[in-house]
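Chains as they are written, first to last, in the UniProt record's numbering: chain A, 1 to 198; chain B, 1 to 145.
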Amino acid sequence: MDTKQSKKMKTTLLTIGLALTIISCNNSKTEQKAADNTAETAAKAENTATNDQEGGKAITPVLDAYLAVKNALVNDNQEEAAKAGGTLATALEGLDISQFDADKQTELQEIVEVAKNHGEHIAESEIGHQREHFEALSQDIKDMTAIVGTDRALYYQYCPMYNDNKGGMWLSASEEIKNPLFGAKMMKCGKVQEVISL
Amino acid sequence: MKKAAIIILILSIGIQFIPMPKNQSNEVPKTDFLQTIEAPVNIQQMIKASCYDCHSNNTNYPWYGRVRPFAWLLQQHIDEGKDELNFSTFQEYSGRMQREKIRSMISQISDGKMPLKEYLWMHPEAELTNDEKEQLIKYLEKLNP
């Protein structure tokens with residue numbers, strides 16, 4: 001760097017002013033994000049305090065948020081899906097893992113971690129990317145119900161056409177098919193593969 | 001005009017002395033992705049050349065890579081990149097998370113979102129041809145049946 005630096009100093013100087021402006025813009029964005037996060041954490045603390053987490057009920061806020069993401073995607077609503085994705089990440093953080101079977105806790109911890117990651121991505125992506133994460137998330141939520149149980153009947157639904165015909169699944173609280181992976185484009189694609197009952 | 005030039009000169013030299021971390025490490029940790037998968041050499045080279053600068057603990061810095069303010073921009077990319085996926089510590093992810101990261105790699109590569117366009121401007125050699133993308137995706141899909 002030292003020898004070449006002087007040679008290129010002229011060009012460097014010319015661009016430096018511009019680059020500095022870009023950086024200062026970026027910084028203020030980061031600060032805004034940090035402020036939002038603090039607000040989110042506060043909201044989460046409130047949620048956890050009021051949650052009565054026992055048995056299948058512990059999963060209620062998680063399923064509520066997951067299904068809110070699903071419904072938003074059915075309606076092609078990126079904004080609502082993003083909001084629900086954030087709620088989902090918060091709900092997962094609030095899940096008290098220690099109340100479940102000791103030998104299942106590691107797996108549950110891993111599921112929560114991955115699902116939270118999906119929620120965070122859904123909170124800040126365009127709709128195609130939201131759907132990708134939602135599809136992957138659906139498997140995690142299904143695996144989670146196998147450990148935690150469920151507070152409502154869930155329908156495991158599958159559309160073979162998603163992702164270049166590789167197929168994709170999701171969970172719904174109603175039997176009727178409304179496709180969140182395609183939305184209005186192919187609302188009816190899919191069928192119930194399995195019912196996860198109470 | 002002359003005064004302004006002098007001020008910019010002093011500032012731009014001054015900022016070179018603001019300390020900042022360097023994303024470099026001499027050892028390849030046991031948790032490294034390429035260390036643990038037995039990938040063919042060409043796959044390893046592709047991943048190393050196109051991903052490791054921002055997604056590992058070892059960045060191959062370009063000459064301007066330590067010159068502020070470029071270094072700051074670079075550092076921001078590296079921080080964000082490693083936060084999302086760090087190949088150096090890949091084995092520290094849970095099995096479920098590893099599968100998720102591989103799923104995500106496949107989707108990012110096939111959507112053309114990675115490697116980042118901004119990165120390719122300065123590193124044209126890191127660009128993957130369609131053929132290379134196909135090979136890479138096929139390989140990653142084998143890891144994630």
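A virtual CB, placed ideally from N, CA and C, is assigned to each residue, including glycine.
Under the DSSP assignment, residue 194 of chain A falls in the beta strand (DSSP E) whose first and last residues are 191 to 196.
Residue 158 of chain A: member of the beta strand (DSSP E) spanning 154 to 159, first to last residue.
For the stretch 88 to 175 of chain A, the full-length beta strand (DSSP E) segments reaching 3 residues or more read 154 to 159, 168 to 172 along the chain. Distance from the Cα of residue 81 of chain B is smallest, within the candidate group B:116, B:69, B:15, B:64, for B:116. Residue environment: residue 59 of chain B is assigned as buried (16 or more neighbouring CB atoms within 10 Å of its CB, all protein chains considered).
Not a single unbroken stretch of the beta strand (DSSP E) spanning 3 or more residues falls wholly within the stretch 78 to 118 of chain B. The CB of residue 69 of chain A never comes closer than 8 Å to any CB in chain B; the least such distance is about 17 Å. Secondary structure at residue 74 of chain A: helix, using DSSP grouped into helix, strand and coil. Taking a contact as a CB-CB distance under 8 Å, the pair residue 156 of chain A and residue 166 of chain A does not count as one, their CB atoms being some 17 Å apart. When secondary structure is reduced to three states using DSSP, residue 141 of chain B falls in the helix class. At least one beta carbon of chain B lies nearer than 8 Å to the beta carbon of residue 111 of chain A. For residue 92 of chain B, no CB of chain A lies under 8 Å from its own CB, so it is not counted at the interface with that chain. Comparing alpha-carbon positions, the option among B:145, B:139, B:143 lying closest to residue 42 of chain B turns out to be B:139. In this structure, residue 114 of chain A keeps its C-beta atom at 8 Å or more from the C-beta atom of residue 59 of chain A.
The shortest C-alpha to C-alpha distance from residue 53 of chain B to any of B:40, B:29, B:78 is the one to B:78. Rounded to whole angstroms, residue 73 of chain A and residue 183 of chain A show a C-alpha spacing of 6 Å.
At least one C-beta of chain B is nearer than 8 Å to the C-beta of residue 132 of chain A. Cα atoms of residue 33 of chain B and residue 168 of chain A: separation of roughly 28 Å, rounded to the nearest angstrom.
Taking CB atoms only, residue 117 of chain A has a neighbour in chain B less than 8 Å away. Assigned with DSSP and collapsed to three states, residue 66 of chain B falls in helix. Chain order gives the chain B residues near residue 114 of chain A as 94, 96, 97, 100, where near means a beta carbon separation below 8 Å.
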